[in-house]
Amino acid sequence: MDLGTFLQFLAAGLTVGSTYGLAALGFTIIFNTTGIINFAQGEFVMLGGLLAVVFMHWLDPGLPAAVVLAVLATTIVGLVMERLTIRPVQHTSVINLIIVTIGVSITIRGLMMLLWGKDTYVLPAFSGTTPIPILGATIAPQSFWILGITLLVLAAMRYFFSRTIFGRAMLACSFEPKAARLMGISVERMVMASFMLSAFVGAVGGAILTPLTMTSYDVGVLLGLKGFAACILGGLGNPFGAAAGGLLLGVLEAFGAGLISSAYKDAIAFVVILAILLWRPSGLFGAPDTERV
Amino acid sequence: MKSSTLRQLAPVAAFYVLVLATPTLLSYDYYYLSILTMAGIIAIIVMGLNLLLGFAGQISLGHAALFGISAYTTAVMTATYGFPLAVGMLSGVGLTAVVALVVGMPVLKLKGYYLAMATLGFGLIVYIFFNEAISLTGGPSGFVGIPQLHVGGFTFDSELSYFFLVWTTVTVVLLISLNLIHSRIGRALMALHASDKAAQSMGINVARYKLFIFVLSAMFAGIAGVLYAHYLSFVAPSSFGFHFSVQLITMVVLGGMASLWGGIAGTVFLTAMPEFLRAYENMEVIIYGLILILCMMYLPQGMAGGVSKLVALVRRRLGRA
Chain Z
518 MDLGTFLQFL
528 AAGLTVGSTY
538 GLAALGFTII
548 FNTTGIINFA
558 QGEFVMLGGL
568 LAVVFMHWLD
578 PGLPAAVVLA
588 VLATTIVGLV
598 MERLTIRPVQ
608 HTSVINLIIV
618 TIGVSITIRG
628 LMMLLWGKDT
638 YVLPAFSGTT
648 PIPILGATIA
658 PQSFWILGIT
668 LLVLAAMRYF
678 FSRTIFGRAM
688 LACSFEPKAA
698 RLMGISVERM
708 VMASFMLSAF
718 VGAVGGAILT
728 PLTMTSYDVG
738 VLLGLKGFAA
748 CILGGLGNPF
758 GAAAGGLLLG
768 VLEAFGAGLI
778 SSAYKDAIAF
788 VVILAILLWR
798 PSGLFGAPDT
808 ERV
Chain F
33 MKSSTLRQLA
43 PVAAFYVLVL
53 ATPTLLSYDY
63 YYLSILTMAG
73 IIAIIVMGLN
83 LLLGFAGQIS
93 LGHAALFGIS
103 AYTTAVMTAT
113 YGFPLAVGML
123 SGVGLTAVVA
133 LVVGMPVLKL
143 KGYYLAMATL
153 GFGLIVYIFF
163 NEAISLTGGP
173 SGFVGIPQLH
183 VGGFTFDSEL
193 SYFFLVWTTV
203 TVVLLISLNL
213 IHSRIGRALM
223 ALHASDKAAQ
233 SMGINVARYK
243 LFIFVLSAMF
253 AGIAGVLYAH
263 YLSFVAPSSF
273 GFHFSVQLIT
283 MVVLGGMASL
293 WGGIAGTVFL
303 TAMPEFLRAY
313 ENMEVIIYGL
323 ILILCMMYLP
333 QGMAGGVSKL
343 VALVRRRLGR
353 A
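If you read the protein sequences in the order shown, they are chains Z and F. Residues 518 to 810, numbered by the numbering used here, are exactly what the first sequence covers, in order. Residues 33 to 353, numbered by the numbering used here, are exactly what the second sequence covers, in order.
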């Protein structure tokens, strides 16, 4: 394989992988504060893209404003979801909470289908569509936007969790909610914040990917599954491992599609994940299991 | 011993009487009967999943794929290669069991979300295979021309005959399952649900029991698969995807985990509901989602838990009176 083809696959993989990574980051933010895998995470990604289309159509505020509005609206959806469906059922089993999130995801998908139909939509690219030639590969400008914004969001999250009081309080809840409560941290507020943050990063991923891959009311299912797979690949509970897992998953998929078979693209990704699960169940970047009786 | 066997058998007998009476109760409305036949087929898978999830505490998001493997196997064997029905059906259930054995051995070492992810990955791979192996499966447009069932000179060609066949199978599977959970094996499964390490220290071979129950529940899915393929005489990949695996889990949870009766009730309820919501067209999906959310919020033990709560309430009222 020549360098140009290699770069082409790498760029394609990192671009889609960014969205998987942001979805995976969203999964871990909620998992860390609540122990729930939020099956509506894919819907946050879908809302980020589709609501941007909706706002462009309804208000025509210009592309950047439409994207910002879509991300804000999705963040509010995260808040509403936590308030209405998660908070009232605190004292139930994890599997019941998972079913609740599946219910929320079905409801959101149904609402968007009712409001906006089943068609496929695309957003305009952020800065034109003239491909940029680099070392024999041609890369869409949107790919650079996607990678840049993803890295920016990751850096911001890193800063938030390690340097700000609020972020550190959220981390404290994930380590030991009871101790966090004793230290005067409102665990309820942190859970709410985790849903908002997770909706925020998912929506950013969806909004920046849509100019390249198009969107419709039902894209959330597969994006959510890939995000979940990325989490497991990177290590559940390690936010930045999960994001790295997303990038890696995207790259694996792109090379698998290019070199082996594009029809079996999704299968290749899951075969790799199965292999990694069996070889190292805690993921590539997770701490090895230290559970004792 | 005798009386406890009787206590188990009596409800099943009553259940089967209800099954026999159902067509009359519905005054032979074939639309409702076909919904119930489909619900019965799904109930067989749900019972297997209930043994796995509710009793042994092991999640599987790949049961739709196991169901599909069996359906496609009998379809290919009987329609493409012209083998007799019995061979097709046996190879459907048999291959499903073998696949479950091969996949289960490594995968069941995983726990919780990791097991969920692994079974989900398995399910997606199989689903993609159904879509892409077009020369074998017919691809996305489906596999047509699966022969109808017949035994000796009798052909199952009416809605009513399939209704009785399916619900008789449900009853038999229910009997087998009830027997299992009241046996030594059932107690071992519940022990490993509570804590597999404690179970291990009591001398239970945890790995072997997990594998046993996984293969058994896969065989239930296999039985459902062959019934499904020959009942509809058509199969397509979209019936065996991730969404259906999630629906199966939902039916177990909605009915009440570790309650076989609840599982059947949950299945019939969730299979019939979309049919009654069809009048509301696009609202159907939203209502389905809302019902899921509300049930989980206000009936966390599922329908079985709701009923026993109600029974307890009535008893208390009666006791006071």
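Each residue gets a CB set at the ideal place from its N, CA and C atoms; glycine is no exception. Computed from a predicted structure; not experimentally measured.
Notebook entry, point to check: So, is residue 705 of chain Z buried or exposed, given that buried needs 16 or more other C-beta atoms within 10 angstroms?
Noted result: Residue environment: residue 705 of chain Z is assigned as exposed (fewer than 16 neighbouring CB atoms within 10 Å of its CB, all protein chains considered).
Note to self: Tell me whether the stretch 561-568 of chain Z and the stretch 728-739 of chain Z touch, counting them as touching only if at least three CB pairs, one residue from each stretch, are closer than 8 Å.
What the structure shows: At 8 Å Cβ cutoff, the stretches touch.
Check: Along the stretch 628-650 of chain Z, what residues have a CB closer than 9 Å to any CB found in chain F?
Finding: Of all residues in the stretch 628-650 of chain Z, those with a C-beta nearer than 9 Å to a C-beta of chain F are 628, 630, 631, reading in chain order.
Next item on the list: To the nearest angstrom, report how far apart residue 338 of chain F and residue 331 of chain F are at their CA atoms.
Entry: The alpha-carbon atoms of residue 338 of chain F and residue 331 of chain F are separated by roughly 6 Å.
Note to self: For a test of the three-state rule: what should DSSP assign to residue 639 of chain Z, helix, strand or coil?
What the structure shows: The three-state secondary structure of residue 639 of chain Z, taken from DSSP, is coil.
Notebook entry, point to check: How about residue 490 of chain Z and residue 746 of chain Z: are their beta carbons less than 8 Å apart?
Noted result: In the structure as shown, chain Z starts at 518 and stops at 810, and residue 490 of chain Z therefore has no counterpart that could be examined.
Next item on the list: Indicate the three-state DSSP secondary structure (helix, strand or coil) for residue 343 of chain F in the structure shown.
Entry: If DSSP states are grouped into helix, strand and coil, residue 343 of chain F belongs with the helices.
Notebook entry, point to check: Which first and last residues belong to the beta strand (DSSP E) in which residue 650 of chain Z is found?
Noted result: Counting along the chain, the unbroken beta strand (DSSP E) around residue 650 of chain Z starts and ends at 649-651.
Notebook entry, point to check: Taking the alpha helix (DSSP H) that residue 655 of chain Z falls in, what are its first and last residues?
Noted result: First-last for residue 655 of chain Z: 654-656, but that is the beta strand (DSSP E), not the alpha helix (DSSP H).
Checklist line | Same chain, Cβ closer than 6 Å to residue 533 of chain Z, five either side skipped, listed in chain order | finding: 767, listed in sequence order.
Notebook entry, point to check: So what does DSSP say about residue 488 of chain Z, is it helix, strand or coil?
Noted result: Outside the displayed range of chain Z (518 to 810) lies residue 488 of chain Z, so it cannot be described from this structure.
Note to self: With a threshold of 8 Å between beta carbons, is residue 112 of chain F in contact with chain Z?
What the structure shows: Answer no: the Cβ-Cβ gap between residue 112 of chain F and chain Z never drops below 8 Å.
Checklist line | Members of the stretch 729-746 of chain Z near chain F, C-beta cut-off 8 Å | finding: For the stretch 729-746 of chain Z, the set of positions with a beta-carbon nearer than 8 Å to some beta-carbon of chain F reads 738, 742, 745, 746 in chain order.
Margin query: I'd like the ranges of any alpha helix (DSSP H) spanning at least 4 consecutive residues and lying wholly in the stretch 224-248 of chain F.
Written below: Fully enclosed alpha helix (DSSP H) runs of 4 or longer: 228-233.
Note to self: Bridge partners for residue 608 of chain Z per DSSP, in chain order?
What the structure shows: Residue 608 of chain Z is not bridged to any residue.
Next item on the list: Count the CB pairs spanning the stretch 120-130 of chain F and the stretch 773-788 of chain Z that are closer than 8 Å, and state whether there are at least three.
Entry: Too few Cβ pairs lie closer than 8 Å, so no.
Note to self: Suppose you measure from the CA of residue 98 of chain F to the CA of residue 692 of chain Z; what does that come to, to the nearest Å?
What the structure shows: If you take the alpha carbons of residue 98 of chain F and residue 692 of chain Z, they lie about 38 Å apart.
Next item on the list: Identify each residue in the stretch 337-350 of chain F for which the Cβ-Cβ distance to at least one residue of chain Z is less than 9 Å, and report them in chain order.
Entry: Answer set for the stretch 337-350 of chain F: empty.
Check: Of all Cβ atoms in chain F, is any one closer than 8 Å to the Cβ of residue 609 of chain Z?
Finding: True, the Cβ-Cβ gap to chain F drops below 8 Å.
Notebook entry, point to check: From the DSSP output, which residues share a beta bridge with residue 262 of chain F?
Noted result: Looking at the DSSP output, residue 262 of chain F shares a beta bridge with no other residue.
Notebook entry, point to check: Would you call residue 297 of chain F buried or exposed, if buried means 16 or more other Cβ atoms sit within 10 Å of its Cβ?
Noted result: Counting Cβ neighbours within 10 Å, residue 297 of chain F comes out buried, since at least 16 surround it.
Check: Given a limit of 9 Å on CB to CB distance, which residues of the stretch 274-294 of chain F reach chain Z?
Finding: Contacts with chain Z (Cβ-Cβ distance below 9 Å) from the stretch 274-294 of chain F involve 274, 275, 278, 281, 282, 285, 286, 289, listed in chain order.
Next item on the list: Give the DSSP-derived three-state secondary structure of residue 33 of chain F in the structure shown.
Entry: Below a pLDDT of 50, predicted positions are generally treated as unreliable, and residue 33 of chain F, at 45, falls in that range; no measurement from the model is reported.
Checklist line | Reference residue 597 of chain Z; option with closest CA among Z:715, Z:756, Z:608, Z:727 | finding: Of Z:715, Z:756, Z:608, Z:727, the residue nearest in Cα terms is Z:715.
Next item on the list: Using a cut-off of 7 Å between C-beta atoms, extract the partners of residue 794 of chain Z located in chain F.
Entry: Ordered by position in chain F, the residues that pass the 7 Å Cβ test against residue 794 of chain Z are 142, 146, 149, 150.
Item checked: Residue environment, residue 308 of chain F, which counts as buried when at least 16 other CB atoms sit within 10 Å -> Classification for residue 308 of chain F: exposed.
Notebook entry, point to check: Is the Cβ-Cβ distance between residue 125 of chain F and residue 251 of chain F less than 8 Å?
Noted result: Taking 8 Å as the Cβ cut-off, residue 125 of chain F and residue 251 of chain F qualify as a contacting pair.
Check: Should residue 553 of chain Z be flagged as near chain F, meaning a C-beta pair shorter than 8 Å?
Finding: Chain F contact via Cβ: absent.
Notebook entry, point to check: With 16 other CB atoms within 10 Å as the buried threshold, where does residue 186 of chain F fall?
Noted result: Exposed is the label assigned to residue 186 of chain F, since fewer than 16 other Cβ atoms lie within 10 Å of its Cβ.
Check: So which of F:84, F:169, F:181 has the shortest CA-CA distance to residue 144 of chain F?
Finding: It is F:84.
Notebook entry, point to check: Closer than 8 Å, CB to CB, is residue 125 of chain F near chain Z or not?
Noted result: Residue-level contact by beta carbon fails for residue 125 of chain F and chain Z, as no gap is shorter than 8 Å.
Note to self: Mapping the DSSP letters down to three states, classify residue 800 of chain Z as helix, strand or coil.
What the structure shows: Residue state, collapsed to three classes: coil.
Checklist line | Inter-residue Cα distance where the pair is residue 774 of chain Z and residue 526 of chain Z | finding: The alpha-carbon separation between residue 774 of chain Z and residue 526 of chain Z amounts to approximately 9 Å.
Checklist line | C-beta contact flag for residue 206 of chain F and residue 44 of chain F at 8 Å | finding: Residue 206 of chain F is a Cβ neighbour of residue 44 of chain F, given a cutoff of 8 Å.
Item checked: chain Z contact for residue 45 of chain F (CB, 8 Å cutoff) -> False, the Cβ-Cβ gap to chain Z never drops below 8 Å.
Check: Residues of chain F with a CB under 8 Å from the CB of residue 602 of chain Z: which are they?
Finding: Under the 8 Å cutoff, chain F gives 325, 329.
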